[in-house]
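**Student:** In order, the protein sequences belong to chains A and B. Counting along the first sequence from 1, when you hit position 7 you're at 114 in the working numbering, and nothing is skipped either side. Counting along the second sequence from 1, when you hit position 39 you're at 48 in the working numbering, and nothing is skipped either side. From the three backbone atoms N, C-alpha and C, an ideal C-beta is built for every residue, glycine too. Below are the structure tokens for one structure; questions will follow.
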Amino acid sequence: EAQVTQNPRYLITVTGKKLTVTCSQNMNHEYMSWYRQDPGLGLRQIYYSMNVEVTDKGDVPEGYKVSRKEKRNFPLILESPSPNQTSLYFCASSPLGAGTGELFFGEGSRLTVL
Amino acid sequence: GDSVTQMEGPVTLSEEAFLTINCTYTATGYPSLFWYVQYPGEGLQLLLKATKADDKGSNKGFEATYRKETTSFHLEKGSVQVSDSAVYFCALWNFGNEKLTFGTGTRLTIIP
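Here it is as structure tokens:
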């Protein structure tokens with residue numbers, strides 16, 4: 108089954124404790140992206156990747172890092188989480204980039220930073 | 010920059026009612042427009058899209074027409090069902106960007 112898989116789905120952590128949210132897709136897509144969803148703000152892009160070893164900042168990259176060492180994986184790293192990073196995070200992929208508009212989303216990872 | 014404005018929710022309707030969710034956009038050039046749906050506990054799914062002016066996107070009984078003169082892409086359905094309860098997001102893509110710009114989402118609840 109074609110899918111985007113995120114882990115963990117739920118996480119409560121404390122300020123400053125490094126964490127990684129993994130994202131993996133099995134559709135051989137070149138393009139992958141991370142969004143955060145906050146009430147009243149919709150979804151905002153954090154980072155995206157056009158292909159292996161190619162990443163770029165989105166609208167809200169501060170406090171986050173990403174890497175793209177393999178085509179299928181695009182982990183989101185919070186080096187020193189803060190409470191303002193409490194949010195619902197979505198990973199997405201696409202075969203042809205954002206221009207097709209057809210992004211395939213994971214089920215989301217709800218992160219709480221205390 | 011580009012932006013998308015959706016009608017404020019939540020929206021509550023009775024089953025078989027007519028649905029309209031308003032969406033307007035601000036963008037340079039000729040963006041592509043999309044509606045995504047998020048069912049409870051799930052990620053977003055593409056519902057429909059339109060890539061040029063006057064195009065009509067449709068899927069699962071939902072429709073939206075790309076109106077460049079009014080910069081709008083309103084979502085409509087003639088007879089909603091309980092299973093349509095979800096959050097609906099209007100979004101746009103513009104040339105040169107590698108992201109979708111989303112509206113804030115509209116939560117729809119259908120009562121039997």
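Using a Cβ-Cβ cutoff of less than 8 Å, which residues in the same chain neighbour residue 72 of chain B once the five nearest sequence positions on both sides are dropped?
**Tutor:** As a first step, residue 72 of chain B is located in the second sequence; it is residue number 63 there, counting from the start. 57, 65, 66, 84, 85, 86, listed in sequence order.
**Student:** Should residue 108 of chain B go down as buried or exposed, given a rule of 16 or more other Cβ atoms within 10 Å for buried?
**Tutor:** By one-based count along the second sequence, residue 108 of chain B stands at place 99. Residue 108 of chain B comes out buried.
**Student:** Where residue 214 of chain A and residue 104 of chain B are concerned, what is the direct C-alpha to C-alpha distance, given to the nearest angstrom?
**Tutor:** Here the question's residue 214 of chain A lines up with position 107 in the first sequence. Here the question's residue 104 of chain B lines up with position 95 in the second sequence. Cα to Cα, the separation comes out at about 27 Å.
**Student:** Is it buried or exposed for residue 119 of chain B, if we count other Cβ within 10 angstroms and need 16 for buried?
**Tutor:** Working through the second sequence from its first residue, we reach residue 119 of chain B at position 110. That one is buried.
**Student:** To which residues of the same chain is residue 54 of chain B closer than 7 Å at the C-beta, ignoring the five residues directly before and after it?
**Tutor:** Looking up residue 54 of chain B in the second sequence gives position 45. Closer than 7 Å at the Cβ level, and outside the excluded window around residue 54 of chain B, lie 45, 46.
**Student:** Out of A/130, A/120, A/114, A/119, point me to the one whose CA is closest to residue 178 of chain A's CA.
**Tutor:** Counting from one through the first sequence, the residue named residue 178 of chain A turns up at place 71. It is A/130.
**Student:** Report the three-state DSSP secondary structure of residue 31 of chain B (helix, strand or coil).
**Tutor:** Here the question's residue 31 of chain B lines up with position 22 in the second sequence. Correct three-state label for residue 31 of chain B: coil.
**Student:** Where in the segment 29-91 of chain B do unbroken runs of the beta strand (DSSP E), each at least 3 residues long, occur, reported from the N-terminal end onward?
**Tutor:** Here the runs fully enclosed are 32-35, 41-47, 53-59, 65-68, 71-74, 84-86.
**Student:** Less than 8 Å between C-beta atoms, sequence neighbours within five positions excluded: which residues of the same chain meet that for residue 152 of chain A?
**Tutor:** On the first sequence, residue 152 of chain A is found 45 positions in, with the first residue counted as 1. Around residue 152 of chain A: 140, 141, 142, 165, 166, 167.
**Student:** DSSP three-state call for residue 110 of chain A: helix, strand or coil?
**Tutor:** Taking the first residue of the first sequence as position 1, residue 110 of chain A is located at position 3. Residue state, collapsed to three classes: coil.
**Student:** Assign residue 113 of chain A to one of two classes, buried (16 or more other C-beta atoms within 10 Å of its C-beta) or exposed (fewer than that).
**Tutor:** The residue given as residue 113 of chain A occupies position 6 in the first sequence. Residue 113 of chain A comes out buried.
**Student:** Report the rounded CA-to-CA distance for residue 146 of chain A versus residue 114 of chain B, giving the unit in angstroms.
**Tutor:** Sequence index remark: in the first sequence, residue 146 of chain A carries index 39 (1-based). Sequence index remark: in the second sequence, residue 114 of chain B carries index 105 (1-based). Those two C-alpha atoms are separated by around 9 Å.
**Student:** Does DSSP put residue 163 of chain A in a helix, in a strand, or in coil?
**Tutor:** What you label residue 163 of chain A is simply residue 56 of the first sequence in a count that begins at 1. Strand, per DSSP.
**Student:** Grouping DSSP H, G and I as helix and E and B as strand, with all else coil, what is residue 145 of chain A?
**Tutor:** In the first sequence, counting from the first residue as 1, residue 145 of chain A sits at position 38. Strand.
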